[in-house]
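What follows is a short report on a single structure.
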Amino acid sequence: MSEPTVTPQGWRSARRLRTRKQRLVERRWLVEGPQAVGEAVAAGVVRRLFATPEAAGRHPVLLADARTSGAAVTEVTLDQLTGLVDTVTPQGVVAVCDAVDVPLADALGEAPRLVVVCARIRDPGNAGTVIRCADAFGADAVVLTDSSVELGNPKVLRASVGSVFHLPVATGATLDDAVTACRERGLQVLAADGGAPDQLDALASRGALARPTAWVMGNEAWGLPAEDAALADARVGVPLWGAAESLNLATAAAVCLYTTAAAQRSGSAG
Numbered sequence: 003m004s005e006p007t008v009t010p011q012g013w014r015s016a017r018r019l020r021t022r023k024q025r026l027v028e029r030r031w032l033v034e035g036p037q038a039v040g041e042a043v044a045a046g047v048v049r050r051l052f053a054t055p056e057a058a059g060r061h062p063v064l065l066a067d068a069r070t071s072g073a074a075v076t077e078v079t080l081d082q083l084t085g086l087v088d089t090v091t092p093q094g095v096v097a098v099c100d101a102v103d104v105p106l107a108d109a110l111g112e113a114p115r116l117v118v119v120c121a122r123i124r125d126p127g128n129a130g131t132v133i134r135c136a137d138a139f140g141a142d143a144v145v146l147t148d149s150s151v152e153l154g155n156p157k158v159l160r161a162s163v164g165s166v167f168h169l170p171v172a173t174g175a176t177l178d179d180a181v182t183a184c185r186e187r188g189l190q191v192l193a194a195d196g197g198a199p200d201q202l203d204a205l206a207s208r209g210a211l212a213r214p215t216a217w218v219m220g221n222e223a224w225g226l227p228a229e230d231a232a233l234a235d236a237r238v239g240v241p242l243w244g245a246a247e248s249l250n251l252a253t254a255a256a257v258c259l260y261t262t263a264a265a266q267r268s269g270s271a272g
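If you want it as C-alpha cells, here you go:
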C-alpha cells in the first residue's frame, strides 16, 4: 500500500519493522492484536501503540494501560493500520515493543525444572505455539537454536498469543551449547522422536519424568538428525493408538510438556 497523505507520528518507523533486517537492527518488534499487545503492555516493553477508532472504543482499558506505562498511543485509520501488519483482517491494535529474547544463560537461570529446546524450527506457527504450550504448562524457558525462525517474526508472535512475554526465550545458541547448558544445570535431556524405543507413557509410569527435564524438539521436515539425537540422554516417542501416522511438532511438544509437568507436579520420584 502507499503511505498515507497524513502520516501519523511514528508510523513510517513502525512500518520499517515489517522487515527482519530492521527488527534485528532496532531490537524492536511489531505485535498485533489486543491479547498479545496487552501482555506486552503488562511486561512494560511497549513503546508505541496504534489503534483504529473502533478498536480504541472496544479496548479503552488497554489504551489507558499503555499510556500509563509510558507508551505513545496514536489513533490511525484501518488502511494505515493495515500497512503495519501482514494479516488480511487486522484486529485493530498494533504495538511497537522492545525485543525480549535473552542470552541462553539468562533464560535457563540456575535451577530450571522444565525447558524446551527447539532445534532449527523454521515454521513460525509451530515456534509460536510451542512457546504458548511451554507457558501453559509452566516451563521455565524456551530455547530457539541457531537457524530457527526469528522470534520477532509477526507470525511467531501471533501464534504465541502473548506467551512470549511470560517466560524467557533464548535465541541463536547451537544445539550442542543448549544441551550442555541444560545438563550443567542438572536437567536430563530427552529428544522427542516418533520412532524411538522409549515411549512417553512408559517413562511417566516409572517416574522418570519427575526429574528436571529439557525436551529437544526437532525440525518440522526432518526431525532430529542422528548426530543431534545422540546429544540427548534418551530418545522418546509419543505412543499413537489410532490410525494417524504421526503428530505435528507443536502437538508433540504439547503432549511431552504436559506429561512432564504433570509428573513433576505429582512429586513422584524416579
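Each residue of the sequence shown is one higher than the one before, starting from 3 at the first, in our numbering.
All residues carry an ideal CB built from backbone N, CA and C; glycine is no exception.
Keep in mind the model is a prediction, meaning the values are calculated, not measured.
Item, Value
"Within the continuous alpha helix (DSSP H) that includes Trp-243, where are the two ends?", "Per DSSP, Trp-243 belongs to no alpha helix (DSSP H) and is neither H nor E."
"Can we count Leu-159 as close to the ligand NAP, meaning its CB is less than 7 Å from some heavy atom?", "In terms of ligand content, the structure shown is empty, and the ligand NAP therefore cannot be addressed."
"How far does the alpha helix (DSSP H) with Ala-30 in it reach, from first residue to last?", "Rather than Ala, the amino acid found at residue 30 in this sequence is Arg. Note, Arg-30: premise wrong, no alpha helix (DSSP H); beta strand (DSSP E) at 30-34."
"For Gln-37, write down the residues that DSSP places opposite it in a beta bridge.", "Looking at the DSSP assignment, Gln-37 forms no beta bridge with any residue, so it has no partner."
"Cα separation between Ala-16 and Asp-103?", "19 Å"
"From Val-78 to Val-90, what does the alpha carbon distance come to, in whole angstroms?", "17 Å"
"So, at 6 Å on beta carbons, what are the nonlocal neighbours of Leu-236 in its own chain, with the 5 sequence-adjacent residues on each side left out?", "According to the sequence displayed, residue 236 carries Ala and not Leu. Hits under 6 Å: Leu-192, Asp-200."
"Are the beta-carbon atoms of Val-75 and Val-87 separated by less than 8 Å?", "no"
"Grab me the residues of Gly-12's own chain with a C-beta within less than 6 Å of its C-beta, minus the 5 sequence neighbours each way, in chain order.", "Arg-50"
"Pro-10 to Val-63, Cα distance in whole Å?", "22 Å"
"Ala-216 to Gly-130, Cα distance in whole Å?", "18 Å"
"Only counting runs of 3 or more residues, tell me where the beta strand (DSSP E) segments fall wholly within the stretch 26-108, in order along the chain.", "30-34, 48-53, 74-77, 95-100"
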